[in-house]
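So the structure is just underneath, and the comments pick up after that.
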Amino acid sequence: MRDLRIFLIFAIVPAFALSVGCGGSSSSSSNSSSGTTTTTQTIATSGANVASITVNAGPNGNYVNGAFASVIVCVPGTSNCQTIDGILVDTGSSGLRIISSALTVALPQQNASDGNPVVECLPFVDSYTWGPVQTADVQIASEKAASVPIQVLSDTDFTTPTACSQGFPSADTLPALGANGILGVGLAAQDCGSSAACVQTGTAGLYYQCPSSGCVETGEPLAQQVINPVALFTTDNNGVIVELPPVAGAAATVSGSLVFGIGTQSNNVLGTATIYTAPNAAFTTTYKSQTYTESFIDSGSNGYFFPDSTIPICSDNTGFYCPSSTENLSASNQASGASGTVDFSVANADALFANLSDNAFEDLGGPAGGPAPNYFDWGLPFFYGRNVYTAIEGMSTPGGTGPFWAY
Amino acid sequence: MSNTCVRKSWRLLAIGAALAVVSAALPASAALGGDGASVQADQLHMQGSLRTTAAAAYTMHEIQGASGTVVREYVSAAGGSAGKVFAVAWHGPWRPDMRQILGGYFEQFAQAAKSQSKIRMGRRPLMIELPGLVVEQSGHARAFAGRAYVPDMLPTGVRPEEIQ
Numbered sequence: 001m002r003d004l005r006i007f008l009i010f011a012i013v014p015a016f017a018l019s020v021g022c023g024g025s026s027s028s029s030s031n032s033s034s035g036t037t038t039t040t041q042t043i044a045t046s047g048a049n050v051a052s053i054t055v056n057a058g059p060n061g062n063y064v065n066g067a068f069a070s071v072i073v074c075v076p077g078t079s080n081c082q083t084i085d086g087i088l089v090d091t092g093s094s095g096l097r098i099i100s101s102a103l104t105v106a107l108p109q110q111n112a113s114d115g116n117p118v119v120e121c122l123p124f125v126d127s128y129t130w131g132p133v134q135t136a137d138v139q140i141a142s143e144k145a146a147s148v149p150i151q152v153l154s155d156t157d158f159t160t161p162t163a164c165s166q167g168f169p170s171a172d173t174l175p176a177l178g179a180n181g182i183l184g185v186g187l188a189a190q191d192c193g194s195s196a197a198c199v200q201t202g203t204a205g206l207y208y209q210c211p212s213s214g215c216v217e218t219g220e221p222l223a224q225q226v227i228n229p230v231a232l233f234t235t236d237n238n239g240v241i242v243e244l245p246p247v248a249g250a251a252a253t254v255s256g257s258l259v260f261g262i263g264t265q266s267n268n269v270l271g272t273a274t275i276y277t278a279p280n281a282a283f284t285t286t287y288k289s290q291t292y293t294e295s296f297i298d299s300g301s302n303g304y305f306f307p308d309s310t311i312p313i314c315s316d317n318t319g320f321y322c323p324s325s326t327e328n329l330s331a332s333n334q335a336s337g338a339s340g341t342v343d344f345s346v347a348n349a350d351a352l353f354a355n356l357s358d359n360a361f362e363d364l365g366g367p368a369g370g371p372a373p374n375y376f377d378w379g380l381p382f383f384y385g386r387n388v389y390t391a392i393e394g395m396s397t398p399g400g401t402g403p404f405w406a407y
Numbered sequence: 001m002s003n004t005c006v007r008k009s010w011r012l013l014a015i016g017a018a019l020a021v022v023s024a025a026l027p028a029s030a031a032l033g034g035d036g037a038s039v040q041a042d043q044l045h046m047q048g049s050l051r052t053t054a055a056a057a058y059t060m061h062e063i064q065g066a067s068g069t070v071v072r073e074y075v076s077a078a079g080g081s082a083g084k085v086f087a088v089a090w091h092g093p094w095r096p097d098m099r100q101i102l103g104g105y106f107e108q109f110a111q112a113a114k115s116q117s118k119i120r121m122g123r124r125p126l127m128i129e130l131p132g133l134v135v136e137q138s139g140h141a142r143a144f145a146g147r148a149y150v151p152d153m154l155p156t157g158v159r160p161e162e163i164q
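From first to last, the protein sequence lines stand for chains A and B. Using our numbering, count along the first sequence one by one with no gaps and you end on 407. Using our numbering, count along the second sequence one by one with no gaps and you end on 164.
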């Protein structure tokens, strides 16, 4: 009886996850392949701390495995506000960034103590963002944060220094970013942090002062740095939960929730989730007997990315794996006092992408090169069918003080 | 150990500023593909401290830069690329100065980085595999790691996996 009920729920819920959950949540269950364990996923669908997120092609129409949310930005202290959708939910970075072409309200520019405008360069592994730091009141769901430093992405407001671009392409326009912005809700509060390279000398290369004579690197006081807006919410400010239902292979659209706070409301309890502490924004993943000590969970990565020279790389989509038949794989994650096995699969990305109407892929993976300490990057496919908690550094939760992941 | 590095960095910052004219007179900043002398130019440019380790086929110079990012430059010990930097690797909170460490290969890298396929978009590690140049970078905000090498310049018996 119990097994039958579980099967029925599993079969029905993915298609009707939100409509079934009118009481405030929906549940789905799945059996592991061994049949020995059963996990239940509950997706919160109502509450002041719940924002809807959707995996779809995004505002540029060609994104894969991107979860998008809507945010409201206001001129601080006013009701002059704008709702912007198509904002990528990224647990791998911190801070709100909006492309200038999507922004219609005029936000105040942040100036340094000497009056020069502050402009930011944020490096990503394959690109960078550049543009002025401005201040906004931010609202997501019913959660509000006042006077939040955000980055407005623009190649034209201030000339990009070559020290920022470094040969990489910018991600400051809709075609380049594929989104109207990035909502960085990662482990860190500020995007640069308290090191001398960030706050004093500016050698981190993130913050610039831009007088008319040109932009020069500068230290940026911690309180002025672009910050994970969740950390400035008046409530439910210790982290987020990304809740996405399972995807059976591929789908055009997946609907889920971004829940604010961990253990602060009845809809965001830790429950049976295992806590993986991440003192250096990393935990250890063991895959095929190799240990990857700088591994991380990142909703902003669109696949599982890890080194494996036995899986062929795609001829068309060279950033992804193209095995001749789907590879069923397993890895284990370890942190202080916690460990667990994760089963996952990697399918042929060229074949997956051939169906242009699909945007969510359960089995998308690709190579991650570079030297040790290597990274195993648990991207968005890891989130399908699993509630993933990201607790902000220094914030207390019923499961301990962040930074940690839990799932 | 790390405190020592930090102190060295600051001392070298001062020395680096004093020697700016001298460093400009060193060979053009051709790290990858350049000769071993370019290591010193990079050290000054990165305001860093230097540690050198020798292996049979190469010498590895590790520069701890002021931003906290570590750059390792591999200089071949023998063969056709003897004395030349055949690979660079980096890890740390932020990216290194790509123009400085890639030297004459920078433009080739930049062109390839900007022509990555955008048909199906997403955010993922950088993987540039050209016949004459490999550049890889992975990680996330506050944690980057990457490497670049010239396949034809790898000393005999050295595998890319050794470039750490």
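Note that the Cβ used here is the ideal one computed from N, Cα and C, for glycine as well.
**Message:** What does the Cβ neighbour count give for Lys84 (chain B), buried or exposed, with the cut at 16 atoms within 10 Å?
**Reply:** buried
**Asked** Can you tell which of A:Gly379, A:Ser396 and A:Gly402 has the C-alpha that lies nearest to the C-alpha of Asp90 (chain A)?
**Response** A:Gly379
**Request:** Check whether the Cβ atoms of Gly115 (chain A) and Pro149 (chain A) lie closer than 9 Å to each other.
**Result:** no
**Prompt:** Under 9 Å between the Cβ atoms of Ser437 (chain A) and Ser255 (chain A)?
**Reply:** Nothing can be reported for residue 437 (chain A): it is not among the residues displayed for chain A, which extend from 1 to 407.
**Asked** Which bits of chain A does Gly104 (chain B) rub up against, with CB to CB less than 7 Å?
**Response** The premise fails here: Gly104 (chain B) is roughly 13 Å from chain A at the closest Cβ pair, so nothing lies under 7 Å.
**Prompt:** At least one CB of chain A closer than 9 Å to the CB of Leu130 (chain B): is that the case?
**Reply:** no
**Asked** For Ser67 (chain B), which residues in chain D fall below 7 Å Cβ to Cβ?
**Response** Absent here is chain D; the protein component of the structure consists of chains A and B.
**Request:** Mark Leu222 (chain A) as exposed unless 16 or more other C-beta atoms lie within 10 angstroms of its C-beta, in which case mark it buried.
**Result:** exposed
**Message:** Can you confirm whether the region 223-234 of chain A touches the region 354-371 of chain A when touching is taken to mean that 3 or more C-beta pairs between the two stretches lie within less than 8 Å?
**Reply:** no
**Message:** Between which two residues does the alpha helix (DSSP H) holding Ala196 (chain A) run?
**Reply:** Ala196 to Val199
**Cutoff 7 Å; reference Ser396 (chain A); Cβ partners in own chain excluding five residues on either side** = Asn238
**Min CB distance Arg51 (chain B) to chain A below 9 Å** = no
**Asked** Applying a beta-carbon distance threshold of less than 9 Å, which residues of chain A neighbour Ser117 (chain B)?
**Response** Asp316, Asn317, Thr318 and Gly319
**DSSP bridge partner residues for His45 (chain B) (one or two, in chain order)** = Answer is none; His45 (chain B) lacks a bridge partner.
**Message:** Looking at the ligand NAD, does it come within less than 8 Å of Ile84 (chain A), judged from the CB to the closest heavy atom?
**Reply:** In the structure on display, the ligand NAD does not appear, and there are no ligands present to speak of.
**Message:** Less than 9 Å between the beta carbons of Trp210 (chain B) and Leu206 (chain A), yes or no?
**Reply:** Residue 210 (chain B) is absent from the model: chain B starts at 1 and stops at 164.
**Prompt:** Looking at chain B, which residues of the region 284-302 of chain A have a Cβ within less than 7 Å of any of its Cβ atoms?
**Reply:** Glu294, Phe296, Asp298, Gly300, Ser301 and Asn302
**Prompt:** Cβ of Asn333 (chain A) less than 9 Å from any chain B Cβ?
**Reply:** no
**Prompt:** Which class does Lys288 (chain A) belong to by DSSP, given the choice of helix, strand or coil?
**Reply:** coil
**Request:** Determine the direct distance from the alpha carbon of Asp377 (chain A) to that of Asp298 (chain A), and round the result to whole angstroms.
**Result:** 7 Å
**Message:** Using the three-state DSSP reduction, which class does Cys164 (chain A) fall into: helix, strand or coil?
**Reply:** helix
**Request:** Please report how far the alpha carbon of Ile63 (chain B) lies from the alpha carbon of Glu129 (chain B), in whole angstroms.
**Result:** 25 Å
**Message:** If I measure Cβ to Cβ from Gly146 (chain B) and keep anything under 6 Å in the same chain, skipping five residues before and after, which residues do I get?
**Reply:** Trp90, Glu136 and Gln137
**Cβ-Cβ separation, Gly68 (chain B) to Pro195 (chain A) (assumed contact under 8 Å), whole Å** = Residue identity check: residue 195 (chain A) is Ser in the sequence provided, not Pro. About 7 Å; that satisfies the 8 Å criterion.
**Prompt:** Is Asp172 (chain A) buried or exposed, if buried means 16 or more other CB atoms sit within 10 Å of its CB?
**Reply:** buried
**Message:** Among the candidates B:Ser49, B:Asp97 and B:Ser76, whose CA atom is the shortest distance from the CA of Tyr58 (chain B)?
**Reply:** B:Ser76
**Asked** Under a CB-based cut-off of 9 Å, is Leu270 (chain A) close to chain B?
**Response** no
**Request:** May I ask you to verify whether the region 131-151 of chain A touches the region 106-123 of chain A, counting CB pairs closer than 8 Å and requiring at least 3?
**Result:** yes
**Message:** Which of the three DSSP states is assigned to Phe353 (chain A) in this structure?
**Reply:** helix
**Request:** Using three-state DSSP, classify Val148 (chain A) as helix, strand or coil.
**Result:** strand
**Request:** Can you tell me which of the three DSSP states Gln116 (chain B) falls into?
**Result:** coil
**Request:** Identify whether Glu362 (chain A) lies in helix, strand or coil by the three-state DSSP scheme.
**Result:** coil
**Message:** Looking at Asn333 (chain A): is its Cβ nearer than 9 Å to the Cβ of Val342 (chain A)?
**Reply:** yes
**Asked** Using DSSP with H/G/I as helix, E/B as strand and the rest coil, what is Thr36 (chain A)?
**Response** For Thr36 (chain A), the predicted structure reports a pLDDT of 47, less than 50, and the residue's modelled location is therefore unreliable. A value from the coordinates is still provided. DSSP places Thr36 (chain A) in coil when its eight states are reduced to three.
**Asked** Taking all protein chains shown into account, do 16 or more other C-beta atoms lie within 10 angstroms of the C-beta of Ser315 (chain A), making it buried, or fewer, making it exposed?
**Response** exposed
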